[in-house]
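Residue numbers (the UniProt record's numbering): 1 to 362.
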């Protein structure tokens, strides 16, 4: 039995009537950019996460870029972030003219190690940019204490973790600003690109709304150089269909993850969920010294799987030579991680097929 890592047509079938009705509603309205659907989604996402303001933008990358733009970073100022993540996190820092500084990860959570972050802080450091990798919140309690002690801004890259929480507080409300992606593979996903920045600062929210729309303060009046980064009405309408179901969708992912972990914990290192953390399993990522051979085995048997991420950012051509501490755990993880199929619509038979195919390798 072949098992896909992600099955968007199956998801669409589940939501088909609601999505078709939402799309038809937008088409009939004649309003496609920054209309009622976007405004309502911004309020609904902010309310869900416990923030005061949401600002819809064109992508998760733009969310990161615009959030950092509000910090007015100067050339030479530094932002600390992990290297073990998607390159967009570092790109956003570079877009703003600042310097990304890579800190190592905790080998068990794959998120930033607060001790390594503290070692990376210099007089030039302006912000910390943790990623809630694969759906597990970063250690925000420790990072918040560090940011407050050093007078740094804390910006969440929550692209992979919509609905996750730490001590019952949702990601998106754990820092000064938070950035979401609604890319089609994400837990709360559009059928195209989309993103959002959350903040509880009215001042930052107003500036974000200006920056996403060419730096305008009113029609044909521009205060600064901005971007064309507006979330469109169709994507917002689709997201509004799915948002009320996000807790159920994440619960389905967690059920699959729990089945995998029970069956596989004796043969591979399974994902960790520390006490007080609520993991939403954007990816179900195992670790094994036999990663490449297992990857080939699974693909030969028709099991969809991927490596996130085979080459850390600091080893990618655009970011070689940037400041960094020792990144031993990052480089080791890149050689050992493997993500198995996980989505809310996997059947019990498919889950069992994945489990048995992994076990048959060992």
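C-beta atoms are modelled at their ideal positions from N, C-alpha and C, and glycine is treated no differently.
Unbroken alpha helix (DSSP H) run spanning residue i, endpoints
i: residue 171; result: Neither: residue 171 is in no alpha helix (DSSP H) and is coded neither H nor E.
i: residue 234; result: 233-242
i: residue 30; result: Counting along the chain, residue 30 falls outside any alpha helix (DSSP H), and DSSP gives it neither H nor E.
i: residue 357; result: 348-361
Residue i beta carbon near the ligand ATP (any heavy atom closer than 6 Å)
i: residue 233; result: In terms of ligand content, the structure shown is empty, and the ligand ATP therefore cannot be addressed.
7 Å Cβ cutoff met for residue i and residue j
i: residue 161; j: residue 135; result: yes
i: residue 344; j: residue 253; result: yes
i: residue 324; j: residue 15; result: no
i: residue 440; j: residue 108; result: Since the first residue shown for the chain is 1 and the last is 362, residue 440 is missing from the structure and cannot be characterised.
i: residue 60; j: residue 181; result: yes
i: residue 54; j: residue 198; result: yes
i: residue 41; j: residue 239; result: yes
i: residue 337; j: residue 287; result: yes
i: residue 301; j: residue 357; result: yes
i: residue 105; j: residue 150; result: no
i: residue 256; j: residue 313; result: no
i: residue 340; j: residue 305; result: yes
i: residue 178; j: residue 235; result: no
i: residue 44; j: residue 243; result: yes
i: residue 193; j: residue 94; result: no
i: residue 350; j: residue 3; result: yes
i: residue 260; j: residue 284; result: yes
i: residue 241; j: residue 163; result: no
Residue i - containing beta strand (DSSP E), residue span
i: residue 179; result: 177-181
i: residue 100; result: 99-103
Bridge partner(s) assigned by DSSP for residue i
i: residue 199; result: 53
i: residue 218; result: 221
i: residue 3; result: 303
i: residue 112; result: 105
i: residue 228; result: 213
i: residue 208; result: Its beta-bridge partners do not exist; DSSP assigns none.
i: residue 340; result: 284
Neighbour flag for residue i against chain D, beta carbons, 7 Å
i: residue 204; result: The displayed structure is made up of one protein chain only, and chain D is not part of it.
*Taking one C-beta from the stretch 66-78 and one from the stretch 287-299 each time, how about it: are there three or more such pairs within less than 8 Å?*
no
_At least three beta-carbon pairs within less than 8 Å, the stretch 207-222 to the stretch 91-100_ = no
_Start-end ranges of the beta strand (DSSP E) lying completely within the stretch 252-338, minimum 3 residues_ = Correct list: 284-287.
*Identify every run of the beta strand (DSSP E) within the stretch 121-165, keeping only runs that are complete inside it and at least 3 residues long; order them along the chain.*
DSSP runs (the beta strand (DSSP E)) wholly in the stretch 121-165: 125-128 and 153-157.
*Is the stretch 152-166 touching the stretch 125-144, taking contact as three or more C-beta pairs under 8 Å?*
Counting Cβ pairs under 8 Å, three or more are found: they touch.
_Touch test, the stretch 254-266 against the stretch 109-119, Cβ-Cβ under 8 Å, three pairs minimum_ = These segments do not touch.
*Mind the definition here: the stretch 243-253 touches the stretch 216-227 only if three or more C-beta pairs lie below 8 Å; say whether that holds.*
no
*Please go through the stretch 32-91 and give each complete beta strand (DSSP E) segment of 3 or more residues, from N-terminal end onward.*
53-57 and 78-82
*State whether the stretch 68-82 contacts the stretch 270-286, with contact taken as three or more CB pairs (one from each stretch) at a distance under 8 Å.*
no
_contact_flag[the stretch 18-27, the stretch 169-183] where n(CB pairs < 8 Å) is 3 or more_ = no
*With contact counted as at least three CB pairs below 8 Å, one residue from each stretch, are the stretch 197-208 and the stretch 83-93 in contact?*
no
*Three or more beta-carbon pairs under 8 Å between the stretch 224-239 and the stretch 3-14, yes or no?*
The answer is no - the stretch 3-14 does not touch the stretch 224-239, with fewer than three Cβ pairs under 8 Å.
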